[in-house]
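2 protein chains.
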Amino acid sequence: MLIIGNEILSGRTQDKNLAHLATKLNEAGIRLREVRVVPDIEAEIVDAVNALRAKFDYVFTTGGIGPTHDDITTACIAKAFGVAVIRHPDAEAALRAHYAAEINEARLKMAEVPEGATLIPNAISVAPGFRMGNVFTMAGVPRIMQAMLDAIIPHLEGGATVLSANIATDLLEGTIAAGLTEIQNRYMDIDIGSYPTYESAQGYRTTLVLRSPDAERNEAARSEIEALILSLGGLVVAVPAA
Amino acid sequence: MLIIGNEILSGRTQDKNLAHLATKLNEAGIRLREVRVVPDIEAEIVDAVNALRAKFDYVFTTGGIGPTHDDITTACIAKAFGVAVIRHPDAEAALRAHYAAEINEARLKMAEVPEGATLIPNAISVAPGFRMGNVFTMAGVPRIMQAMLDAIIPHLEGGATVLSANIATDLLEGTIAAGLTEIQNRYMDIDIGSYPTYESAQGYRTTLVLRSPDAERNEAARSEIEALILSLGGLVVAVPAA
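Chains A and B supply the protein sequences, listed in that same order.
1 is the number of the first residue of the first sequence in the numbering used here; add one for each residue after it.
1 is the number of the first residue of the second sequence in the numbering used here; add one for each residue after it.
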């Protein structure tokens, strides 16, 4: 995933698209492996696009495809692929129909795509995203990004969905670490993560998350961790679904 | 910034450290220029550390320095720098004093640092972060990360603090884009961002954010944008501080 936008790097805007993309990809059996956040600077975007599209099966970008001067993503994707920016006739027709008398050059900029790209429909506000090679370019506004992603997902090739099981305890990480390592070593097919949290109401909690495509294996490892917690005098506490 | 952790990439955990780091760095006159999120995989972490420390003045990592099997950040930083992992005597003494009879090998792992690193104090839970060259390694738990960052900030060399001014309108981006480009072209020293939002209660809003170290220049540009909005028949609407 490539998140494009000064507003994320300045701390002004809290990104909401990463968690949504991760969740939806996981449901489709695709694992999100890296995220980069880069500013609205052409060279930074081009370099990141080229690094990520060479390294991964799919790349998803968010942000920078609106009508204003700081929306430079389309031009950067075209540059990364070494192609021209063209005005897509279908996108232009849709924008002209939608905006009618309010159409102008700035809005028509949203009909531009890299030459060879295919459109990603936008069920919210018409202006499309696009697919260029293995790179999917989406809007940054979360509800538009989500609509575009819904249109993309059926076209992706995924593997088995990774399932997760959770267990939480009042024991500190350092108390369960040795036993947990021993369990992890016997369940190498499961990715077991240990996450400490602190909430003023309940104090420290440790949550263990087990992730693999095999629900039965997850449950077997979860049972062993539960037994470990109880053997160490800990409590197994309620935890929201993974 | 390098965010290390499968839990961010799976969508399970919403990162809260990026926005905090960005805000604090900005106050110190340091601009956050890139963020990467990588999984708990040694080669990925080592490659990212080496890419980022060569490219930027400072690198800040979060996550992966606890006592459990999935905490591999310290080993990865050492590998990136080509040094050994050692147990730091001051960190060990602090952990032994804190945990007393509860000390164990897993907890002593939190005394490990790359050879040559200096400790970053942890006012919350004792186990320290560390600085190795231009790389600052912090915990992932937000309140611990924040305490470590408070200890780091006075040691960083920053430039002028970037100040921001905001203005929001009910006009759509496409309506103001042409006039805004004209203003941006006359205020090249100001980074003007345009951010569309949609809230079900109020519909679409466009927020313009002006960022430069010069408050007077920001205000001059903000006044021009306000005049632009009014000339186009738009409303200037209240907006929270940048």
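Cβ atoms here follow ideal geometry from the backbone N, Cα and C, with glycine treated the same way.
Small disclaimer: the values here were computed from a predicted structure and weren't measured.
Asked, Found
"Short of 6 angstroms in beta carbon distance, which residues of its chain neighbour Thr13 (chain A), apart from the five on each side in sequence? Order them along the chain.", "Glu7"
"Between Glu226 (chain A) and chain B, is there a C-beta pair that is closer than 7 angstroms?", "no"
"Which stretch, first to last residue, makes up the beta strand (DSSP E) that contains Tyr198 (chain B)?", "Asp191 to Glu199"
"Under 7 angstroms, Cβ to Cβ, is there at least one residue of chain A near Gly64 (chain B)?", "no"
"Check the DSSP bridge columns for Val209 (chain A) and list the partner residues they point to.", "A:Asn166 and A:Gly193"
"Quick one: list the residues of chain B neighbouring Gly174 (chain A), beta-carbon separation under 7 angstroms, in chain order.", "Pro67, Asn104, Ala106 and Arg107"
"Report yes or no: is there a C-beta of chain B within less than 7 angstroms of the C-beta of Val126 (chain A)?", "no"
"For Val141 (chain B), go through chain A and note every residue whose CB falls closer than 8 angstroms to its CB, in chain order.", "Pro196, Thr197 and Tyr198"
"In angstroms, rounded to a whole number, what distance separates the CA positions of Glu173 (chain A) and Ser194 (chain A)?", "7 angstroms"
"Over what stretch of residues does the alpha helix (DSSP H) that includes Leu18 (chain B) continue unbroken?", "Asn17 to Glu27"
"Taking 7 angstroms as the CB-CB limit, is Leu230 (chain A) close to chain B?", "no"
"As an exercise, report each continuous beta strand (DSSP E) stretch of at least 3 residues that is fully enclosed by the region 83-169 of chain A, in chain order.", "85-87, 112-114, 118-120, 129-132, 135-138 and 163-169"
"Where does the unbroken alpha helix (DSSP H) through Leu32 (chain A) begin, and where does it stop?", "Careful: Leu32 (chain A) lies outside any alpha helix (DSSP H) and carries neither H nor E."
"Does the distance between the C-beta of Leu18 (chain B) and the nearest non-hydrogen atom of the ligand COA fall short of 6 angstroms?", "With respect to small molecules bound, the structure shown includes none, and the ligand COA cannot be examined in it."
"Rounded to whole angstroms, what's the CA-CA distance from Ala100 (chain B) to Thr118 (chain B)? Just pull it up for me.", "24 angstroms"
"Counting pairs of Cβ atoms below 8 angstroms between the region 14-22 of chain B and the region 185-203 of chain A, do you hit three or more?", "no"
"Compare the C-beta of Val38 (chain B) against all C-beta atoms of chain A and say whether one is closer than 7 angstroms.", "yes"
"Figure out for me which residue from A:Gly140, A:Leu163, A:Val236 and A:Phe130 has the closest Cα to the Cα of Ala151 (chain A).", "A:Phe130"
"Using only alpha-carbon positions, find the residue among B:Pro114, B:Glu115 and B:Ala93 that is nearest to Arg107 (chain B).", "B:Ala93"
"In the DSSP assignment, find the unbroken beta strand (DSSP E) run with Thr61 (chain B) in it and report its ends.", "Val59 to Thr62"
"For Gly203 (chain A), write down the residues that DSSP places opposite it in a beta bridge.", "A:Glu199"
"Does the beta-carbon distance from Val236 (chain B) to Thr169 (chain B) come in below 7 angstroms?", "yes"
"Please identify the residue among A:Pro128, A:Gly233, A:Val135 and A:Gly133 whose C-alpha is closest to the C-alpha of Ile144 (chain A).", "A:Pro128"
"Quick one: list the residues of chain A neighbouring Glu7 (chain B), beta-carbon separation under 8 angstroms, in chain order.", "Gly193, Tyr195 and Val209"
"Are the CB atoms of Ile30 (chain A) and Gly158 (chain A) nearer to each other than 7 angstroms?", "yes"
"Is Asp70 (chain A) close to chain B? Criterion is C-beta to C-beta, closer than 7 angstroms.", "yes"
"Is the distance from the Cβ of Ala215 (chain A) to the Cβ of Leu163 (chain A) below 7 angstroms?", "yes"
"Let me confirm a value: Lys55 (chain A) is counted as buried when at least 16 other C-beta atoms fall within 10 Å, else exposed. Which label applies?", "exposed"
"Kindly identify the DSSP beta-bridge partner or partners of Val38 (chain A).", "A:Ile4"
"At a Cβ threshold of 7 angstroms, is Glu27 (chain A) touching chain B?", "no"
"Which bits of chain B does Ser212 (chain A) rub up against, with CB to CB less than 9 angstroms?", "The premise fails here: Ser212 (chain A) is roughly 12 angstroms from chain B at the closest Cβ pair, so nothing lies under 9 angstroms."
"If you measure between the beta carbons of Thr61 (chain A) and Leu2 (chain A), is that distance less than 7 angstroms?", "yes"
"Determine whether the Cβ of Glu182 (chain A) lies closer than 7 angstroms to any Cβ atom of chain E.", "The chain labelled as chain E is not found among the protein chains of the depicted structure, namely A and B."
"Within 7 angstroms of any Cβ in chain A, is that where the Cβ of Val35 (chain B) sits?", "yes"
"Rounded to a whole number of angstroms, what is the C-alpha to C-alpha distance between Arg53 (chain A) and Ile45 (chain A)?", "12 angstroms"
"Would you mind sorting Ala221 (chain B) into buried or exposed? The rule is 16 or more other CB atoms within 10 Å of its CB.", "buried"
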